[in-house]
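Going down the list, the protein sequences come from chains A and B. Position 240 of the first sequence, counted from 1, bears residue number 1542 in this note's numbering, the numbering being contiguous throughout. Position 90 of the second sequence, counted from 1, bears residue number 149 in this note's numbering, the numbering being contiguous throughout. Beta carbons are placed, not taken as given, at the ideal position from N, Cα and C, and that holds for glycine. Computed from a predicted structure; not experimentally measured.
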Amino acid sequence: MAEVTAADLTGPKGAKPRRAFSPTNIMIYGTLLVVCLYYLLPLYVMIVTSLKGMPEIRLGNIFSPPVEVTFEPWVKAWSEACTGINCDGLSRGFWNSVAILIPSVFVSIAVASVSGYALVNWKFKGSEVFFTILIFGAFIPYQVMIYPIVIILRETGQSISYVTGTDFRLMGSIWGLVIVHTIFGMPILTLLFRNYFSSLPEELFKAARVDGARFWGIFFKIMLPMSLPIFVVAMILQVTGIWNDFLFGVIYTKPETYPMTVQLNNIVNSVQGVKEYNVNMAATLLTGLVPLVIYFISGPLFVRGIAAGAVKG
Amino acid sequence: MTHSVEIKNLDLSFGAVDVLKNLNLSIGEGEFLVLLGSSGCGKSTLLNCIAGLLEATDGQIFIKGKNVTWAEPSERGIGMVFQSYALYPQMTVEGNLSFGLKNARMPKNEIASRVANAAEVLQIEPLLKRKPSALSGGQRQRVAIGRALVRDVDVFLFDEPLSNLDAKLRADLRVELKQLHARLGNTMIYVTHDQVEAMTLADRIAIMKDGLIQQLDSPSEIYSRPRNKYVADFIGSPSMNFFEGVLESGTFRAGDLSFAMDGYVYERDGFSGAASFGIRPEHIATGDAVAASAVQMDVPIKVVEPLGADTLALTDVAGTSFWVRMEGAANVKAGDSLRIGFDPARGSLFDAGDELRI
Chain A
1303 MAEVTAADLT
1313 GPKGAKPRRA
1323 FSPTNIMIYG
1333 TLLVVCLYYL
1343 LPLYVMIVTS
1353 LKGMPEIRLG
1363 NIFSPPVEVT
1373 FEPWVKAWSE
1383 ACTGINCDGL
1393 SRGFWNSVAI
1403 LIPSVFVSIA
1413 VASVSGYALV
1423 NWKFKGSEVF
1433 FTILIFGAFI
1443 PYQVMIYPIV
1453 IILRETGQSI
1463 SYVTGTDFRL
1473 MGSIWGLVIV
1483 HTIFGMPILT
1493 LLFRNYFSSL
1503 PEELFKAARV
1513 DGARFWGIFF
1523 KIMLPMSLPI
1533 FVVAMILQVT
1543 GIWNDFLFGV
1553 IYTKPETYPM
1563 TVQLNNIVNS
1573 VQGVKEYNVN
1583 MAATLLTGLV
1593 PLVIYFISGP
1603 LFVRGIAAGA
1613 VKG
Chain B
60 MTHSVEIKNL
70 DLSFGAVDVL
80 KNLNLSIGEG
90 EFLVLLGSSG
100 CGKSTLLNCI
110 AGLLEATDGQ
120 IFIKGKNVTW
130 AEPSERGIGM
140 VFQSYALYPQ
150 MTVEGNLSFG
160 LKNARMPKNE
170 IASRVANAAE
180 VLQIEPLLKR
190 KPSALSGGQR
200 QRVAIGRALV
210 RDVDVFLFDE
220 PLSNLDAKLR
230 ADLRVELKQL
240 HARLGNTMIY
250 VTHDQVEAMT
260 LADRIAIMKD
270 GLIQQLDSPS
280 EIYSRPRNKY
290 VADFIGSPSM
300 NFFEGVLESG
310 TFRAGDLSFA
320 MDGYVYERDG
330 FSGAASFGIR
340 PEHIATGDAV
350 AASAVQMDVP
360 IKVVEPLGAD
370 TLALTDVAGT
380 SFWVRMEGAA
390 NVKAGDSLRI
400 GFDPARGSLF
410 DAGDELRI
């Protein structure tokens, strides 16, 4: 073997130096910058427009910042904008959406997490077939289901009314929509939970059984405390999915119970009178605020949970 | 002797695959039984059946004379220690130890005294308030043992408990386990694929293959009088040297090699026909001891493996690979010729057909 000479010692040493402006870096950061602009520019336009008065908007310069900042459009969008004969703004839709969102998210996650847990740890005869059918459900187009569900909701509501002697309606009520959201969330959520639970060591479950815990004991005391990330993922998926839903909202509710998205559409697309761009922008931003806040708060947890759920299929 | 655990005609199949086949096993009170076998032999499955974590397809399981075939794991009077420790990550050590007792709705002071007692036995008192993630591997395994200990059960089940530990810690915990067994006197059933653990810990070893128990005997009996060729080959490292040949009127013949089986204790009398002769590498004499051996020969050395305490030499006898274990200081190298000798009476003879001991 050749001796290492003094000349060799002056050669490459330690960490390899990296150039700040290498072609790779320019490509990566250049692309990132362009994509950022592409997404942020419309947001910027929306924000500045919503803060301008109508005379300023008519000047036509959509990129200029507001000369005179006014919150009038936001107030109007929230509490005065008219849809049809109602002129109480988006606030009604907001509260409707909240009333739909909370039970839908809670019920769907509760049912899906227990299903996923049972499918992994308490396999029963036919559980695999059951799971396959459930997953298959995720691929059936919504449109196929719309009318059958209308009938199911109507008939079920009528049956309940008949039995209880009250005027109970599922079709057109918030509860009908809650049921629909819960059902349509099932395939993807169950898959998510099943995969997460199957990534947890099986021996933990066995140890808990030897320790005398049963179905619910193991679920609440062993599984739940280990599953916070996946619950956050499920929550984000459901909150954004349900909040942004338009199709089910417009079909299964009526004007008094319209969710925020449907109401936003009715405000923005109303053909009477002058188009109030600033109010429309403010209304749109208000509607998008909830998912946005959820993303910002739980973004890091979301990434962690997705990664954890993807470990094993 | 009263039986602590009795397994009668146990069958277990997953669909079309039969994992356990008509298995019978009786384990005495206070016995340390090791289930030994290579992976996929059904040893862990058997343990899970005893624990009640797997449902038997057919057959019965008795613990302390009570039929527990349909009982829940927690009702069987067993404690189990898993390979991955299976500690509940969100609970402290104390929480882990008391979880089973809380499920049994035991009074608080009773739980506290049992936890304290187990912690003392296993020397984990300073760790009680810690979470499992803040423990080392050996400490975690102690806590896992403690979880079985607090439940004050008759039978301890161990599922490869030391396999996740490094070699030194494994040896330490092995000794501790043996001491623990001596002190507690519980019945222990221990699954492992490590023959050193099996030989050192067991009162009796059950060697399993394809869901069947090949031999159930004391470690020394299994080592010196293996009941079939599989057991002979499985136990010992490096494994037994085999010659395929013919046994005729007390003389074994394989090619040019021929020797009388004087002094061999036969299992079957008057056997004659195709047989294999096996002898362990550590029963081969070298050096001065060769002179006293009944069979002697010169063999070429192909490979030398110095292990420190011993030196292993791979040689060639009558065309078969042949391992010889020598003392650590043996000064040999590949290419040398080595004079070896052995006493056929220390070997084992197996029928070439059914591979059972002759």
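Got a sec: is the Cβ-Cβ distance from residue i to anything in chain A below 8 Å?
{"i": "G74(B)", "result": "no"}
{"i": "Y147(B)", "result": "yes"}
{"i": "S143(B)", "result": "yes"}
{"i": "S279(B)", "result": "no"}
{"i": "N176(B)", "result": "no"}
{"i": "M247(B)", "result": "no"}
{"i": "M139(B)", "result": "yes"}
{"i": "A220(B)", "result": "The residue asked about is misnamed: residue 220(B) is Pro in this sequence, not Ala. No, P220(B) lies away from the interface with chain A (no Cβ there is under 8 Å from its Cβ)."}
{"i": "N223(B)", "result": "no"}
{"i": "A130(B)", "result": "no"}
{"i": "F158(B)", "result": "yes"}
{"i": "A193(B)", "result": "no"}
{"i": "N83(B)", "result": "no"}
{"i": "N126(B)", "result": "no"}
{"i": "P133(B)", "result": "This sequence places Ser at residue 133(B); Pro is not what is there. So yes, S133(B) belongs to the interface."}
{"i": "L112(B)", "result": "yes"}
{"i": "N68(B)", "result": "no"}
{"i": "L300(B)", "result": "In the sequence on display, residue 300(B) carries Asn and not Leu. Not one chain A Cβ lies under 8 Å of N300(B)."}
{"i": "N162(B)", "result": "yes"}
Are any of the Cβ atoms in chain B nearer than 8 Å to that of residue i?
{"i": "V1431(A)", "result": "no"}
{"i": "G1514(A)", "result": "yes"}
{"i": "G1519(A)", "result": "yes"}
{"i": "I1524(A)", "result": "yes"}
{"i": "L1603(A)", "result": "no"}
{"i": "G1313(A)", "result": "no"}
{"i": "L1421(A)", "result": "no"}
{"i": "K1508(A)", "result": "yes"}
{"i": "M1562(A)", "result": "no"}
{"i": "P1489(A)", "result": "no"}
{"i": "P1531(A)", "result": "no"}
{"i": "E1374(A)", "result": "no"}
{"i": "P1593(A)", "result": "no"}
{"i": "V1613(A)", "result": "Confidence in V1613(A) is poor, its pLDDT being 39 and thus under 50, which makes the residue's placement unreliable; the coordinate value appears in the next sentence. No, its Cβ sits nowhere closer than 8 Å to a Cβ of chain B."}
Check the DSSP bridge columns for residue i and list the partner residues they point to.
{"i": "T251(B)", "result": "L95(B)"}
{"i": "P365(B)", "result": "T370(B)"}
{"i": "N287(B)", "result": "L415(B)"}
{"i": "T359(B)", "result": "Per the sequence presented here, residue 359(B) reads as Pro, with Thr not at that position. Its beta-bridge partners are S396(B)."}
{"i": "G84(B)", "result": "Checking the sequence shown, residue 84(B) turns out to be Leu, not Gly. I66(B)."}
{"i": "L271(B)", "result": "K268(B)"}
{"i": "L306(B)", "result": "F311(B), G332(B)"}
{"i": "N107(B)", "result": "BP columns for N107(B) are empty, so no partner."}
{"i": "G138(B)", "result": "F215(B)"}
For residue i versus residue j, is the C-beta spacing smaller than 8 Å?
{"i": "S103(B)", "j": "D253(B)", "result": "no"}
{"i": "L1436(A)", "j": "T1484(A)", "result": "no"}
{"i": "E1358(A)", "j": "E1370(A)", "result": "yes"}
{"i": "V383(B)", "j": "A372(B)", "result": "yes"}
{"i": "L408(B)", "j": "F336(B)", "result": "yes"}
{"i": "S1352(A)", "j": "W1376(A)", "result": "yes"}
Closest by CA to residue i, which one among the options?
{"i": "P359(B)", "options": "A393(B), E184(B), D211(B), E153(B)", "result": "A393(B)"}
{"i": "K1378(A)", "options": "R1321(A), M1528(A), L1588(A), Y1346(A)", "result": "L1588(A)"}
{"i": "Y1560(A)", "options": "G1313(A), L1392(A), G1439(A)", "result": "L1392(A)"}
{"i": "M150(B)", "options": "L194(B), S85(B), R210(B)", "result": "L194(B)"}
{"i": "D269(B)", "options": "C100(B), S85(B), K190(B)", "result": "C100(B)"}
{"i": "H405(B)", "options": "S283(B), K188(B), D315(B)", "result": "Reading off the sequence shown, one finds Arg at residue 405(B), where the question assumed His. Measuring from the Cα of R405(B), the nearest candidate turns out to be S283(B)."}
{"i": "Y1579(A)", "options": "R1320(A), I1364(A), A1412(A), L1343(A)", "result": "I1364(A)"}
{"i": "A1585(A)", "options": "D1547(A), M1562(A), P1443(A)", "result": "M1562(A)"}
{"i": "L1405(A)", "options": "Q1540(A), D1390(A), N1497(A), P1325(A)", "result": "Note on residue identity: the sequence assigns Pro, not Leu, to residue 1405(A). The candidate whose alpha carbon is nearest that of P1405(A) is Q1540(A)."}
{"i": "W1397(A)", "options": "V1595(A), Q1565(A), M1583(A), F1522(A)", "result": "Q1565(A)"}
{"i": "F1548(A)", "options": "R1496(A), V1534(A), L1403(A), I1524(A)", "result": "L1403(A)"}
{"i": "A203(B)", "options": "S192(B), P220(B), D213(B), D211(B)", "result": "P220(B)"}
Assign residue i to one of three DSSP states: helix, strand, or coil.
{"i": "L1494(A)", "result": "helix"}
{"i": "S1324(A)", "result": "coil"}
{"i": "N168(B)", "result": "helix"}
{"i": "K1614(A)", "result": "Caution applies to K1614(A), whose pLDDT of 35 falls short of 50 and renders its modelled position unreliable; the value that the coordinates give is listed next. K1614(A): coil per DSSP, three-state reduction."}
{"i": "K125(B)", "result": "strand"}
{"i": "R210(B)", "result": "coil"}
Any heavy atom of the ligand PLP within a distance shorter than 7 Å of the CB on residue i?
{"i": "V202(B)", "result": "This structure lacks the ligand PLP, and indeed carries no ligand of any kind."}
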